[in-house]
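This is the structure we're talking about:
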C-alpha cells in the first residue's frame, strides 16, 4: 500500500495529454496523477513504471485475432492502490498516453543534460 501525504493545494504540471486522458506531475507531492477512464489516480514513479510495463505487455493483436479471448483486461499493479478494468480500445488509448508521457520525460532529460553540459 502506498503511503499518501496530503497536500492542501497540489500544483499539477501537465506532462502529456491526449483526447482520452492526461498525465500530470505534482512536485509538491512527488507523484504522478493519471486522468484516464473516468478517474484520477495517484502513482509514485515506481508504480507508474510498473503500470507502463503491464500495459505494454498486453498483446492487443493476439487478443483481437483470438475469438475466445475476452475484450476486457483487468490491470492490477502490486503495491499500488488502483485497478483498471479496460476494453481493448481503452488499452490502446492508455498505451498511447503512457508512451507519450515517457517520451516527454526522456526529452526533458535530454534537454536538461544538453543545457547543463553547455553551461559547465
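Numbering (our numbering), first residue to last: 963 to 1082.
Glycine is no exception: its CB is placed at the ideal position from the N, C-alpha and C atoms.
- Residue 987 counts as buried, since no fewer than 16 other beta carbons sit within 10 angstroms of its beta carbon.
- DSSP places residue 1016 within a helical segment (H, G or I) once states are collapsed to three.
- In terms of Cα proximity to residue 974, the closest of 989, 1071, 1047 is 989.
- Contact between residue 1056 and residue 1048 holds: CB atoms are separated by about 6 Å, below the 8 Å threshold.
- Separation of residue 1068 and residue 985 (C-alpha to C-alpha, rounded to the nearest whole angstrom) is 15 Å.
- Non-local beta-carbon contacts of residue 1006 in its own chain, meaning distances under 6 Å to residues more than five positions away in sequence, involve 993 in chain order.
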